[in-house]
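Per the UniProt record's numbering, the very first residue in the sequence shown carries number 1; after that it's consecutive. Ideal placement from N, C-alpha and C gives every residue a C-beta, glycine not left out. Note that the structure is a prediction, hence the values are computed from the model and not measured. Following: one structure in C-alpha cells, then a few remarks.
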Amino acid sequence: MPEVRLVGPNGEQVGIVSIGDALKLAQESDLDLVEVAATARPPVCKLMDYGKFKYESAMKAREARRNQAHTIIKEIKLRPKIDPHDYETKKGHVVRFLKAGDKVKVTIMFRGREQSRPELGFRLLQRLAEDVTDLGFVESQPKQDGRNMIMVIGPHKKKAEAKAEKAAAKARGTDTDPLEAEPAEEQAAQPQ
C-alpha cells in the first residue's frame, strides 16, 4: 500500500503512514488531507483545512506577482531626416526613460524614396546609441522591419534602483530633473 509522510495540523511530524491511515486521521480530526510536496519520496501530506490552504497559496502567488519587476518598453519614433532640435528633443525623451529604468524601443519610419536609403536610419540609430551610452546599452541591434528600422536600448539601472535614487533625491530636496532644469537656465541666460 502506498505511503505518505504525514505532517499534523500544527506542523508536527506524525511520520510515514499509509494513505488509508492518513485519511482516517483526517476524518477523525475533521480536517482534509492535503498533498504539500508531490515530488518528495514519499510524498508529503498535511492535515489542514483545504479552503485555508487554497487561500494561503493564492495570497503567496499574489504577493509574488506584486514583487516581480514589471518591464515597460517605451517607444520613440523618428524619421531619417530629422532636424537637429527635434533630434535633441527625442534624445531627451530617451534619456528620461532610461533614467526611470525603462527600456526604449527606437523606431525609424521610412517613407517613399527614403526606403532605398536604410543606411541613413542605421547611422541615426548608431548616433543615438552613442549619445546615451552612459545611461543604457543596445539590447537589440538595428534591424529592418518592413518600412521601419527598430533598435531596443536597455537601461544600465533597474527600475527599482531608479525609483530608490529618485526617492533619495526627493528626500534631499534636489528632485529637479536635469531635463526640466535646462530650459529654465536657458531662459535666464537669454536677454529679453
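Residue i, DSSP secondary structure in three states
i, result
"D145", "strand"
"A166", "Inspection of the sequence shows that residue 166 is occupied by Lys rather than by Ala. DSSP places K166 in helix when its eight states are reduced to three."
"V14", "strand"
"D131", "helix"
"R117", "coil"
"A38", "coil"
"G112", "helix"
"Q27", "helix"
"K81", "coil"
Neighbour-count burial assignment, residue i, 16 or more Cβ in a 10 Å radius
i, result
"P80", "buried"
"R172", "exposed"
"M149", "buried"
"A164", "exposed"
"M48", "buried"
Beta bridge counterpart(s) of residue i as assigned by DSSP
i, result
"D32", "M48"
"R123", "None, per the DSSP bridge assignment."
"M151", "V106"
"G136", "P155"
Beta-carbon separation (whole angstroms), residue i vs residue j, contact threshold 8 Å
i, j, result
"E35", "C45", "5 Å"
"D102", "P155", "7 Å"
"A162", "K99", "6 Å"
"L31", "P9", "6 Å"
Where the beta strand (DSSP E) containing residue i begins and where it ends
i, result
"K91", "No beta strand (DSSP E) contains K91, which is instead part of the alpha helix (DSSP H) from 84 to 99."
"K103", "103 to 109"
"K77", "73 to 78"
"R5", "3 to 7"
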